[in-house]
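In the working numbering, the protein residues as written are 15 to 324.
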């Protein structure tokens with residue numbers, strides 16, 4: 015995914031922010047380093063989150079049978095055709111990318127940083143898979159390169175987290191994010207709007223809780239029902255409401271008003287392969303959704319943080 019180019023006065027967009035971090039164009043390259051998750055391998059649970067099918071966000075060049083270096087070189091070839099002067103962030107994305115021994119993690123991260131034109135790393139993980147020992151290393155790494163640790167928070171409601179078999183609490187997210195932030199490491203969070211049992215009112219209730227986390231960047235995704243998941247089985251047996259485009263745009267507009275103004279918003283939607291989606295069928299690319307959202311915000315004169323006292 016090319017980094018967001020949107021420059022909007024209505025919210026603090028990631029594209030503008032990331033351009034301020036580097037004197038050149040940067041692009042994330044996703045990596046599947048062969049990790050698992052503690053709620054897949056039995057340490058916490060089995061089966062994973064009820065909505066998760068990792069194939070929905072794994073690019074063609076990202077194959078765990080290849081080494082980290084090989085995946086990065088393939089990604090560079092994929093993106094470099096359009097922008098030969100591009101620099102790259104190694105994005106450890108698939109599953110839980112801090113779920114291993116410190117020696118193994120160090121080996122993988124350092125391998126990524128040795129690849130030519132890689133200028134930093136982004137690590138996607140869970141809030142219950144971080145240790146003080148790893149944070150010690152990441153703090154040191156943060157002095158050498160661009161680093162962001164991105165936590166899957168998903169919801170601030172513990173009942174929802176149990177329902178989706180997430181395997182951690184919101185308190186775990188608060189703890190991990192706070193410890194990471196205290197080390198001076200850029201910290202991101204990921205949430206999903208429209209999870210089973212959460213309506214718009216519940217999402218808006220949670221917005222100030224998410225905003226209060228010491229995070230730098232927030233990713234927001236819509237709930238998607240994807241083939242091959244336990245949620246898909248539930249949905250097919252007993253369908254529940256998923257947001258239309260219009261409903262979701264209205265929800266996002268209301269949600270961002272309740273977020274602090276200095277919180278960077280990286281994205282609002284995810285785009286799973288069409289053949290894997292059961293619902294909703296929006297038929298929109300990410301940039302098309304963003305254009306619709308920006309038009310709505312402009313028409314309604316809505317701005318991030320205007321209902322949040324800073």
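Beta carbons: idealized from backbone N, C-alpha and C, even for Gly.
_Cβ distance (whole Å) where residue 35 is taken to contact residue 160 below 8 Å_ = 7 Å
*Using the Cα positions of residue 182 and residue 133, report the straight-line distance between them to the nearest angstrom.*
32 Å
*Assuming residue 241 contacts residue 292 under a Cβ cut-off of 8 Å, what Cβ separation, rounded to an integer in Å, is found between them?*
So it is a contact: roughly 6 Å between Cβ atoms.
_Rounded to the nearest angstrom, what separates residue 158 and residue 149 at their Cα positions?_
Approximately 14 Å, taken between the alpha carbons.
_So, for residue 91: in the same chain, excluding its five sequence neighbours on each side, which residues have a beta-carbon less than 7 Å away from its beta-carbon?_
none
*Measure the alpha-carbon distance for residue 236 versus residue 229 and round it to whole angstroms.*
If you take the alpha carbons of residue 236 and residue 229, they lie about 20 Å apart.
_Beta-carbon proximity of residue 306 to residue 232, cut-off 8 Å_ = no
*Which residues in the same chain as residue 19 place their Cβ atom closer than 7 Å to its Cβ, once the five residues preceding and following it in sequence are excluded?*
Bear in mind that a pLDDT of 45 at residue 19, under 50, signals an unreliable position, so the number given afterwards is only what the model happens to contain. For residue 19, where only same-chain residues beyond five positions count, the Cβ hits under 7 Å are 29.
*Can you tell which of 105, 192, 177, 176 has its C-alpha closest to the C-alpha of residue 146?*
Among 105, 192, 177, 176, the Cα nearest to that of residue 146 belongs to 192.
*Among 62, 106, 176, 64, which residue has its Cα nearest to the Cα of residue 83?*
106
*asked:* Runs of 3 residues minimum, wholly inside the segment 151-193: which ones carry the beta strand (DSSP E) assignment?
replied: 160-168
_Cβ-Cβ distance between residue 273 and residue 221 below 8 Å_ = In contact: residue 273 and residue 221 (Cβ atoms closer than 8 Å).
*Is it a yes or a no for the segment 167-184 touching the segment 122-136, going by three-plus beta-carbon pairs under 8 Å?*
no
*Could you name the residues that DSSP lists as bridge partners for residue 33?*
Bridge partners of residue 33: none, in fact.
*Please state whether DSSP places residue 324 in a helix, a strand or coil.*
Any answer about residue 324 is weak, because its pLDDT of 42 lies below 50 and its placement is not dependable; what the coordinates show is given next. It is coil, neither helix nor strand.
*Please name the residue, chosen from 310, 49, 290, that lies closest to residue 119 on a Cα-to-Cα basis.*
49
*asked:* Please identify the residue among 95, 266, 116 whose C-alpha is closest to the C-alpha of residue 234.
replied: The shortest Cα separation from residue 234 among 95, 266, 116 belongs to 266.
*asked:* Would residue 256 and residue 297 qualify as a contact pair, given that the criterion is a beta-carbon distance under 8 Å?
replied: no
*Quick one: what's got a C-beta closer than 8 Å to residue 80's C-beta in the same chain, skipping five residues either side?*
Cβ within range, chain order: 88.
*Residues of its chain near residue 169, where Cβ-Cβ distance is below 8 Å and the 5 sequence neighbours each way are ignored*: 175, 178, 180, 184, 205, 206, 209, 212, 220
*If you follow the beta strand (DSSP E) that residue 293 is part of, which residue opens it and which one closes it?*
Run containing residue 293: 291-293, per the beta strand (DSSP E) assignment.
_For residue 295, tell me which candidate among 188, 260, 225 has the shortest Cα-Cα distance._
260
_Reduced DSSP secondary structure (H/G/I, E/B, other) of residue 243_ = coil
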